[in-house]
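Asks: For the sequence shown, the working numbering assigns the number 26 to the initial residue and increments by one for each residue that follows. Even for Gly, the Cβ is constructed at its ideal location relative to N, Cα and C. I'd like to ask you about the structure that follows.
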Amino acid sequence: MIPYIHRIDAYRIEVLLVFEFLILGFLSERSMHGYELKMRLNALAGYYRKTSDGTLYPAIKRLVAKGFVAEKPQADTRGKYLLEITSKGFSWLKERLEQPEEADITDRNRFFGLLNFLHLVSEKRQMEILEKRRAFILYPKAFNLQDGAGSQAEH
Numbered sequence: 026m027i028p029y030i031h032r033i034d035a036y037r038i039e040v041l042l043v044f045e046f047l048i049l050g051f052l053s054e055r056s057m058h059g060y061e062l063k064m065r066l067n068a069l070a071g072y073y074r075k076t077s078d079g080t081l082y083p084a085i086k087r088l089v090a091k092g093f094v095a096e097k098p099q100a101d102t103r104g105k106y107l108l109e110i111t112s113k114g115f116s117w118l119k120e121r122l123e124q125p126e127e128a129d130i131t132d133r134n135r136f137f138g139l140l141n142f143l144h145l146v147s148e149k150r151q152m153e154i155l156e157k158r159r160a161f162i163l164y165p166k167a168f169n170l171q172d173g174a175g176s177q178a179e180h
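Now the structure itself:
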């Protein structure tokens, strides 16, 4: 039973990292308030999972604590902050885009998140990543066995 608990924890951590990736991706395009960020997240992924305040705001706080996001108080609004990606946050995002994990290629929902921000990397790297996705779609079994691990991918 203990390994099952560890799998749940690992899955939850991975979901949170993907969510933080999406937040940083949207903030890389421009600064915005939490509500607007929530609307953008819902527009991208809301068909399978709506973003709740109980998920969004703790994720923002984690990103602020890591130094990936800065909160800028707004003079004309009470208690509202404009969220901005920091250079540290942008570097992490760019690294994640440049070197996507296997699941970023094989999992449909994660791939759509990656695809949404792919314009932030070079055209050459975009083509390499898209070619990996194409190879997975055409030859999923071969793709999953290329490292000998036989990972379980979904599409």
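Quick check on DSSP: helix, strand or coil for residue 83?
Replies: DSSP places residue 83 in helix when its eight states are reduced to three.
Asks: Are at least three pairs of beta-carbons, each pair with one atom in the stretch 76 to 96 and one in the stretch 108 to 123, less than 8 angstroms apart?
Replies: Touching, yes, given that three or more Cβ pairs across the two stretches are closer than 8 angstroms.
Asks: On the criterion of 16 or more Cβ atoms from any shown chain inside 10 Å, does residue 48 qualify as buried, or is it exposed?
Replies: Buried: at least 16 other Cβ atoms inside 10 Å.
Asks: Assign residue 137 to buried or exposed, taking buried as 16 or more other Cβ atoms, counted over all protein chains shown, within 10 Å of its Cβ.
Replies: When all chains shown are included, residue 137 counts as exposed.
Asks: Residue 21 by DSSP, collapsed to three states: which one?
Replies: Since the first and last residues shown for the chain are 26 and 180, residue 21 lies out of range.
Asks: Of the residues 59, 131, 51, which one's Cα is nearest the Cα of residue 163?
Replies: Here the closest residue by C-alpha is 131.
Asks: How many Å lie between residue 128 and residue 135 at the Cα?
Replies: Answer to the nearest angstrom: the Cα atoms are 7 angstroms apart.
Asks: Can you have a look at residue 156 and say buried or exposed, based on whether 16 or more other CB atoms are within 10 angstroms of its CB?
Replies: When all chains shown are included, residue 156 counts as exposed.
Asks: In or out: residue 100 buried (at least 16 other Cβ within 10 Å) or exposed?
Replies: Exposed: under 16 other Cβ atoms inside 10 Å.
Asks: Once DSSP output is grouped into helix, strand and coil, what is the label at residue 98?
Replies: In the structure shown, residue 98 sits in a strand (DSSP, three-state: E or B).
Asks: Is it right to say residue 125 is buried, meaning 16 or more other beta carbons lie within 10 angstroms of its own, or is it exposed?
Replies: It is buried - the Cβ of residue 125 has at least 16 other Cβ atoms within 10 Å.
Asks: Just reading off the alpha helix (DSSP H) that residue 65 is part of, what are its end residues?
Replies: Note, residue 65: alpha helix (DSSP H), 59 to 70.
Asks: Using C-beta distances below 6 angstroms, list every residue in its chain close to residue 81, excluding the 5 sequence neighbours before and after it, in chain order.
Replies: Result list for residue 81: 63, in chain order.
Asks: Relative to the C-alpha of residue 103, which candidate in 142, 51, 58, 146 has its C-alpha closest?
Replies: With distances taken between Cα atoms, residue 103 lies closest to 58.
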